[in-house]
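Contents: one structure, followed by commentary.
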């Protein structure tokens, strides 16, 4: 690969590269009997790697299974007191080798090491760009600026556009695809372009259309207040794909969207007591009914604002119809919680952005983060509003996004 | 239904019931202008219900959508300062009615209220028996006592046996079905008896059989050290279903199981520093490869022992091949973490219980909680070990279990 890259260069450039190579001088030494310090080249900052971690990640054939890219070291007998006893550098191969107190020898390329540096800055970059892109929160008034549009055809055929769509979805939690065909297979094809549909109690694809005597609140033409879908699942579906096949002629039927993380930001900043309550009190979310003749009784207990161990938002739950009448909290918590929740709802309504999708639009948004709703509409038999939906999971989307990023890097 | 139940009783019993009814005397009053106190009958303890909660859960046609069993109250304009102004009891209908400061009137049956009592004991019972049964942890030496066996046919045809199987799985995290046919459709039929298969990167059903040049470590005949499946998913598949179609003739191929929650209990009690580290330090779990020509790059960061906001175990992660070489923690955390992790691994190995499934056995266990492994085996071409697997999610299993419990209660 390196040879290939040289081909297109002038002799002059080649000389410069060769000269630069001479300046490089990897050095490595053992520190405190346990760590290995590597200086990739003179005057560059040294990187420290814990010996135990290096030994654990030895890439030789005995310790690492190449085709599955996974560790096969015998961990049942792994000794955490292992120590590096000798380090060598190989300038030409740009790698170091470490001899261990058990006589095993490991080799690591400089690039491999640099990519796994324990420097805080490098770790931050890896986590915020490659692991899961940092989210950017927005208010309703900023919607037009942050909401990106992509052409359905380009998403389906160009990896770079697919990557941009998924990146927008990860960062802003919403993106719109336009110009999709009007057949019912669009959401499946789109989901399979990413990975596969996340199935729920309601099946894989679902149709949102007014149904008389509906079992689910969403299947009525009434206004649908802001909510997240399926809060009653521990494993809540991550991303909503809503393909507009037919839009109503009536003035209604608009979508409403709110960034739940933005509302959480406001509460955290301006109403810390409400924030504390809404991120601590466990609410019972539920769905009782039947679909295709099979009964279900879903319950999941979680706060409205869920935080991870580092205090970051991991999920927002909100749904008027799917909040259980069972509320398993001490009596004294009830009224204060209702007051905090009512504030959350008021703030969300005030911040919501309304817009109406057109046939061929595919609205995609993060169901872990955004609240969505729908204005009521007056359906005619001539053009009954017809939306086909499906879910995708973040596990699958991020995996795809990482593969695309790695591939783009290599090009 | 009540009438029906009376039919089989003697006149004497009917008289007793009638006499008991006369003793009942519901009473209800408003307390502190906000709460409603209900005494179901004389000399019985009163139950207190917050007014705001009662109003929120009004069951009239304007506030509640019967066929979808969900709230349709206009929450966009809900006033948390609502107050009860008058309460009445209806002895015959066994219900109370509440008139509100907005003139709305709500009616609640005594049974409905009792089931939603804010008494701590009632809430505990509801949560520990109906919401998610309390887990009971076990050591390897207790395996024979706790591991229940069920007949596959009975699970497939009798709801009571299906319920017992799922309850065992919920409480102990493991159960064995016996006498299943030897066709490849068993895991699907079983999963569909509960709900539906949880799909992963590796598809719906998967086959575990030694494959030359395997992309995944599980597809080798080497020993497979203790691990949990797919720790690199945020939404980790919940329950493993492993159907033994052909078992190896060699002495190997045994399954090993360990209750990860039991190991966590030991650490919490005897090695609190290790417990603290293993439940706090985020580990990068990963899987890089391709399946059916589609590349994936899965990563999820989570501790080995995951705790919920109440300090209960929500998940255990452990997998030697699927722990990433990227380890995004400060340098100073590395060696201590390795030492704590090595202790966890040693304790798990020491506590593991080995047994060999036979053709027709279906081993089912909680992948969120148990570690499983496999002894190596020497496969012959005459009887290549052949296991078909699939996953089920707890959301779906608990839903089914609740439906079965409700149904059993009604009978």
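Protein chains in written order, with my numbering: chain A, 11 to 421; chain B, 11 to 421. Even glycine gets a Cβ: it sits at the ideal position worked out from N, Cα and C.
Relative to the C-alpha of residue i, which residue among the options is closest?
i, options, result
"residue 206/A", "251/A, 258/A, 55/A", "251/A"
"residue 292/A", "309/A, 87/A, 104/A", "309/A"
"residue 315/B", "119/B, 342/B, 416/B, 283/B", "283/B"
"residue 56/B", "128/B, 76/B, 68/B", "128/B"
"residue 397/B", "414/B, 194/B, 408/B, 246/B", "194/B"
"residue 83/A", "113/A, 74/A, 372/A", "74/A"
"residue 48/A", "72/A, 80/A, 79/A, 101/A", "101/A"
"residue 40/B", "51/B, 94/B, 50/B", "94/B"
"residue 295/A", "348/A, 141/A, 334/A", "334/A"
"residue 68/A", "122/A, 317/A, 38/A", "122/A"
"residue 258/B", "200/B, 386/B, 402/B", "386/B"
"residue 277/B", "233/B, 356/B, 103/B", "356/B"
"residue 36/B", "213/B, 119/B, 361/B", "119/B"
"residue 416/A", "305/B, 411/B, 172/B, 132/B", "305/B"
Using beta-carbon positions only, say whether residue i and residue j come within less than 8 Å of one another.
i, j, result
"residue 92/A", "residue 61/A", "yes"
"residue 337/B", "residue 344/B", "yes"
"residue 241/A", "residue 327/A", "yes"
"residue 266/A", "residue 395/A", "no"
"residue 162/A", "residue 188/A", "yes"
"residue 270/B", "residue 379/B", "yes"
"residue 249/A", "residue 99/A", "no"
"residue 287/B", "residue 340/B", "no"
"residue 254/A", "residue 177/A", "no"
"residue 289/B", "residue 313/B", "yes"
"residue 190/A", "residue 370/A", "yes"
"residue 218/B", "residue 381/B", "no"
"residue 405/A", "residue 245/B", "yes"
"residue 362/A", "residue 236/A", "yes"
DSSP three-state label for residue i, please.
i, result
"residue 189/A", "coil"
"residue 61/B", "helix"
"residue 309/A", "strand"
"residue 402/B", "strand"
"residue 253/A", "strand"
"residue 72/A", "coil"
"residue 77/B", "coil"
"residue 376/B", "strand"
"residue 49/A", "strand"
"residue 83/B", "coil"
"residue 396/B", "strand"
"residue 31/A", "Only weak support exists for where residue 31/A lies, its pLDDT of 49 falling under 50; the value from the coordinates is given anyway. Helix."
"residue 319/B", "coil"
"residue 314/B", "coil"
"residue 38/B", "strand"
"residue 92/A", "coil"
"residue 100/A", "strand"
"residue 416/B", "helix"
"residue 421/B", "coil"
"residue 198/B", "helix"
Note down, in chain order, every chain B residue with its Cβ under 8 Å from the Cβ of residue i.
i, result
"residue 86/A", "235, 355, 359"
"residue 136/A", "336, 338"
"residue 331/A", "75, 78, 80, 81, 82"
"residue 206/A", "209"
"residue 44/A", "345"
Which residues of chain A have a Cβ atom closer than 7 Å to the Cβ of residue i, listed in chain order?
i, result
"residue 162/B", "Residues of chain A passing the Cβ test: none, with the nearest at roughly 21 Å."
"residue 63/B", "337, 344"
"residue 322/B", "What residue 322/B touches in chain A: nothing, since even the nearest Cβ is about 12 Å away."
Residue i versus chain B: which residues are under 9 Å apart at the beta carbon?
i, result
"residue 71/A", "Simply none; closest approach about 13 Å."
Give the interface partners of residue i over in chain B, defined as CB-CB distance under 7 Å, in chain order.
i, result
"residue 60/A", "341, 344, 345"
"residue 283/A", "Within 7 Å Cβ-Cβ: nothing; residue 283/A doesn't reach chain B, min ~15 Å."
"residue 352/A", "88, 90"
"residue 67/A", "335"
"residue 475/A", "What is shown of chain A runs 11 to 421, which leaves residue 475/A out entirely."
Quick one: which chain A residues come within Cβ less than 8 Å of residue i?
i, result
"residue 307/B", "409, 412, 413, 416"
"residue 349/B", "90"
Would you mind telling me which residues of chain A sit closer than 9 Å to residue i, beta carbon to beta carbon, in chain order?
i, result
"residue 403/B", "243, 244, 245"
Along chain C, in chain order, which residues have C-beta atoms closer than 7 Å to that of residue i?
i, result
"residue 133/A", "Structure shown: chain C not included; protein chains present are A and B."
Residue ranges of each beta strand (DSSP E) within the region 328–365 of chain A, 3 or longer: 363–365
What are the complete alpha helix (DSSP H) segments, minimum 4 residues, inside the region 137–173 of chain B? 153–156, 162–167
Mind pulling the alpha helix (DSSP H) runs of 4 or more residues that sit fully within the region 227–304 of chain A? As far as the region 227–304 of chain A is concerned, its whole alpha helix (DSSP H) runs of at least 4 residues are 270–280, 282–290.
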